[in-house]
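Taking mature numbering (1 follows the signal peptide of the UniProt record, and there is no 0), I'd label the letters of the sequence shown as residues -30 to -1, 1 to 133.
Okay, so here's the structure we're looking at.
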Amino acid sequence: MEPRHSRHITLGLFIWMASLPFSPIMLAAASSCDFPAIFNFGDSISDTGGLSAAFGQAPSPNGETYFHHPAGRYSDGRLVIDFIAESLGVPYLSAYLDSVGSNFSHGANFATAGSTIRPQNTTQSQSGYSPISLNVQSVQYSDFKKRSQIIRSQGVINPIPYF
């Protein structure tokens, strides 16, 4: 027989999950929002081709089924970040490290497969499979922002509302 305490926790979790669709956060998200850009940081769960751009193409199928060509992903289709972009009405994010033919006017994806939050002053076996940890992604974003502002100040691109 299940302990009484466990049943209360289970019931509490069920009630909490059932109320999520009606939470103020979810209701606010359902209303129209105007997000001009998305900047994503992470690992393989949202890598749209960063690690492949840095270290060579991901093994097959790497997105071929959905995109009909190698997409550099560590999945065979769209990722959660793609669905988020779709729901916000912006194009899929290009990998920051894959700048050839990329359009960063709606944001950039700094995520790379195998990344961790551990700093780069640890060994590869301690920090994960990718040398592009979260702190490196943060530095990449800062550099991206600085370069974008320089280009913008020179009048090369239209004002970007997300800086």
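Glycine is no exception: its CB is placed at the ideal position from the N, C-alpha and C atoms.
A residue is called buried once 16 or more other Cβ atoms fall within 10 Å of its Cβ, and Asn32 is buried on that count. In this model, Ile8 and Ser16 are separated by some 12 Å (Cα to Cα). Taking 8 Å as the upper bound for CB-CB distance, Ser64 and Ser57 are not in contact here, some 18 Å apart.
Judged by their CB atoms, Ala41 and Ala83 are not nearer to each other than the 9 Å cut-off.
In the three-state reduction of the DSSP assignment, Ala28 falls in the coil class.
For a cut-off of 8 Å, the C-beta gap from Gln110 to Tyr66 is around 6 Å, short enough to register as a contact.
In the structure shown, the three-state DSSP call for Asn105 is helix. In the DSSP assignment, Ala55 is bridged to no other residue.
Shown here for Ala55: same chain residues with a beta carbon closer than 7 Å to its own, the five before and five after excluded, namely Ile8, Pro61, Tyr62, Leu63 in chain order.
Taking all protein chains shown into account, His76 has 16 or more neighbouring C-beta atoms within 10 Å of its C-beta and is therefore buried. By the beta-carbon neighbour count (other beta carbons within 10 angstroms, threshold 16), Gly59 is exposed. Around the beta carbon of Arg117, a 10 Å sphere encloses fewer than 16 other beta carbons of the protein chains shown; the residue is thus reported as exposed. Looking at the backbone, the Cα of Phe5 and that of Gly26 are separated by about 32 Å. Distance from the Cα of Phe114 is smallest, within the candidate group Ser103, Phe80, Ile102, for Phe80.
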